[in-house]
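Encoded structure:
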């Protein structure tokens, strides 16, 4: 039997971007709840949420850039299943856009009201 | 290694039929074949759909006129609760499961699903659970707290009868079926495809079902946990949702909607998968945007889990959290729109021809887009706060669910009916049936937008004539009866087509997927031989492939020792990997499901000793399942045809059962994560904290951690020794002993707990420790199974699946048990942190 041309874990690439998005979403929601329960000063809570949001954006930008490079490499190497890398790049870019849109309220919305 | 002799097509057919066929008479109850079970699921789903439809008609009779005395509020509460419950849990989910079970092996080029007995067990669980729930109506004790069972209304003080218990136990029973189907579907798609069918060559329907099944895997456990916790509260007084004792009714809403919102997309995606299969056939061209559609459904799956709170916008949540969920709710429209534009582009770039399935697809576009747009309206918090709990929401959800699931399913039924019946459709009645359904639906539900905007709340059993809702409600009721007549005509149409349809030529629609490269009606073995796939599997030529496969020229074009064989492939590339030997028809799934059902009934009638006995009997029945599988000797690679050889599934590492355990543990971990979330949620948010008595499980709980870890390590050592052909039996007995010791220490830790009915803190501690206890107990079952199989000669260095699966369970039990115990031990510290603040 021939060598496996694409490793089985390649399938994980297609879920990578939104997995990061999910972790960031849960973290932001949880931090918001904890901050309100512990009555953090608004400025402190806002600061923590903004730092988390920026970290999520940075991580997502990194994932998106890596996914697009991964797709290009897959095409360049003429792998038999470059489509998975393409789908991974599409979902990662979509996850980045979702991050920017869904977490933007961290900068302005009332935290505990 | 010997090649198998080539048989003539007729002899091959007869030999395959002998190996795969289900017996007549009572033996039909032993069926495990996917074609039979898929049809049974769909037929049962339609029966429940009819029951749900009758309930809807009764609702519309009641609301047709103001101050109606047709039924009183008690009956009305049961009517709308049961309508929602039946349609969501007993029609939509089983219908999509049935379609997937029927179609997937055929589309993927396999002879059956990975776990035929699990399919059968799931079917019987569904049938028994559904029957329990529906039968409750005959006795006037049907669930009456709404299909989402909000606490405190569904709690014991406000619903003292068994109505809510029937929902909690019966629906959880049905959810076992859904989870087993999810595992079945995922593993079958990932492992049982035709050689060469890499993931990026799969037909879109398989992608849709893969994503749907993963969503079920993560979506159902929170509701199962919620149901268990609420039943524990109702039956034993553990106050998870009682705000006077440290619980919180909103925890139920979180757990319910963590399931409930993804559920909408779990229902929609299979419908969309059917559309993505049917539209290219009628457009006479390949689908536009194959990769964009896959990316869109993955995005949709994740986003749908990030908007459960949009059902809770009015419960008093901070603006920031509202904004997160509102944004996610609006975002989810984008991947949905990507699919709609891809379908429209496919039609625009093709040469569309019209037939009955296309009528329903046109209906889908209109109805679903309206539902989607009102969904975006409801995603906006200010609008939602106005329309919340009004008939506007009823209109929206019906436009989404009927548009997104019922219309596509009706298109799918007309599309695949010739496949199921072997008869060509006669469409004289189909067209008027469609128009009655389409017009009746819009008349019924469009009016509800208006009644909602005029302020009519959901669930009221009557209304005065002074509010101006009379004519709209009357029109809705008229529309409801037109809709019902449409469905009645549809049912007549289907029966007539079964009876009078002309014999069907293979692939009459000129489709391009593998499901049409077989005889219609399909044979029990689906394919006489299995194809090699060298291109995308939605661009094949079934007319050329079918005779080639029927004559046995593909893989496995023979019968070996009367075994039921299909092929397993590498997850990603579709490279041929192993031969899967499937189990023969057996009554075991029926027996196990009946025993599981008796557990449910015993709990329903609060005969708890009987429930314990039946639980043990159920576990014992599953041991019988295991005793009939596997091989007692090593075979090495065996011929699969086309000059190739592959090992049997018992001798490879990544076979289907191992993957199934991975996914079962994934669902299990989701349930555990929900329990941890619930514990922390109550600590952080619930009123009546801190508790007067702090749970401190003490040394027994501490001791359980190393014991659980030692059991996992010992089993791993046993697995390693077996791999090196060394003696491992004593290690299995040591594992079993450690499992029993863990049970003892956890029992002692539970016994030393403060009264779990006193406060939610003690209740959550008991739940976390109980979770560890149950996992240690199941570890004992795995230990006994491993010992029995080792003694029976089913385990060798090559055939190590039993040990590796048991090892996975023990690893998980050790990790989750440790997390649970550490959380219980950390709670006093966490409670202390909050004391100065609350």
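Residue numbers (this note's numbering), protein chains in the order written: chain R, -4 to 108; chain D, 33 to 870. Heads up, the beta-carbon is just placed ideally off N, CA and C, and yes, glycines get one too. As the structure is a prediction and not an experimental result, all values here were calculated from the model.
Within chain D, the residues 352, 355, 356 and 359 have their CB atoms less than 7 Å from the CB of residue 100 of chain R, given in chain order.
Only residues of its own chain outside the window of five on either side were considered, and among them 182, 183, 258, 262 and 273 have a CB closer than 7 Å to the CB of residue 284 of chain D, listed in chain order. Around residue 16 of chain R, the beta-carbon contacts reaching into chain D at under 7 Å are 334. Annotation: residue 80 of chain R to residue 14 of chain R spans about 16 Å, alpha carbon to alpha carbon.
Between the segment 195 to 213 of chain D and the segment 652 to 661 of chain D there are fewer than three C-beta pairs closer than 8 Å, too few to call the two in contact. With the criterion set as a beta carbon lying under 9 Å from some beta carbon of chain R, the members of the segment 310 to 339 of chain D are 322, 323, 324, 326, 327, 328, 330, 331, 333, 334, 335, 337 and 338, in sequence order. Across the set D:477, D:374, D:440 and D:481, the C-alpha of D:481 shows the shortest separation from the C-alpha of residue 420 of chain D. Going by C-alpha positions, residue 602 of chain D is about 12 Å away from residue 220 of chain D. Close to residue 97 of chain R, with beta-carbon spacing below 8 Å, are these residues of chain D in chain order: 338, 356, 359, 360 and 363.
Under a criterion of Cβ atoms nearer than 7 Å, no residue of chain D is adjacent to residue 52 of chain R; the nearest Cβ is some 14 Å distant.
For residue 869 of chain D, the residues of chain R that pass the 8 Å Cβ criterion are 32, 33 and 34, in the order they occur in the chain. Going by DSSP, residue 683 of chain D is part of no beta strand (DSSP E) at all; its letter is neither H nor E. For residue 4 of chain R, the number of other beta carbons within 10 angstroms of its own is below 16, and it is reported as exposed.
Counted as a single uninterrupted DSSP element, the beta strand (DSSP E) harbouring residue 598 of chain D occupies residues 596 to 601.
Look at the beta carbons and you see the segment 36 to 48 of chain D not touching the segment 119 to 131 of chain D: under three pairs across the two are nearer than 8 Å. Relative to residue 766 of chain D, the option among D:747, D:778 and D:702 whose CA is nearest is D:747. According to the DSSP assignment, residue 677 of chain D belongs to the beta strand (DSSP E) that extends over 676 to 678. Distances from the CA of residue 294 of chain D to each of D:555, D:278, D:333 and D:49 were compared; the closest alpha carbon is that of D:333. When CB distances to chain R are screened at a threshold of 9 Å, not a single residue of the segment 273 to 294 of chain D falls below it. Not a single C-beta of chain R is nearer than 8 Å to the C-beta of residue 164 of chain D. In the three-state reduction of the DSSP assignment, residue 609 of chain D falls in the strand class, which pools E and B. Between residue 803 of chain D and residue 646 of chain D, the alpha-carbon positions lie close to 19 Å from each other. Within chain D, 330 have C-beta atoms less than 7 Å from the C-beta of residue 10 of chain R, given in sequence order. Inter-residue distance for residue 59 of chain D and residue 618 of chain D is about 8 Å (C-alpha atoms, whole angstroms). For residue 455 of chain D, the beta-bridge partners assigned by DSSP are D:535. For residue 463 of chain D, the enclosing alpha helix (DSSP H) starts and ends at 462 to 485. Residue pairing from DSSP leaves residue 77 of chain R without any beta-bridge partner.
Around the beta carbon of residue 594 of chain D, fewer than 16 other beta carbons sit within 10 angstroms, so the residue counts as exposed.
C-alpha of residue 728 of chain D to C-alpha of residue 855 of chain D: approximately 11 Å in a straight line. Within 8 Å of the CB of residue 82 of chain R, the CB atoms of chain D belong to 232, 323, 326, 327 and 330, in sequence order along the chain. Around the beta carbon of residue 693 of chain D, 16 or more other beta carbons lie within 10 angstroms, which makes this residue buried.
With contacts defined by Cβ atoms closer than 8 Å, residue 552 of chain D and residue 451 of chain D form a contacting pair.
Bridge partners of residue 673 of chain D according to DSSP: D:676. Contact annotation for residue 301 of chain D against chain R: no contact, minimum CB-CB distance about 15 Å [criterion: below 8 Å]. Residue 344 of chain D: not part of any alpha helix (DSSP H); DSSP gives it neither H nor E. Closer than 8 Å to the CB of residue 716 of chain D there is at least one CB belonging to chain R.
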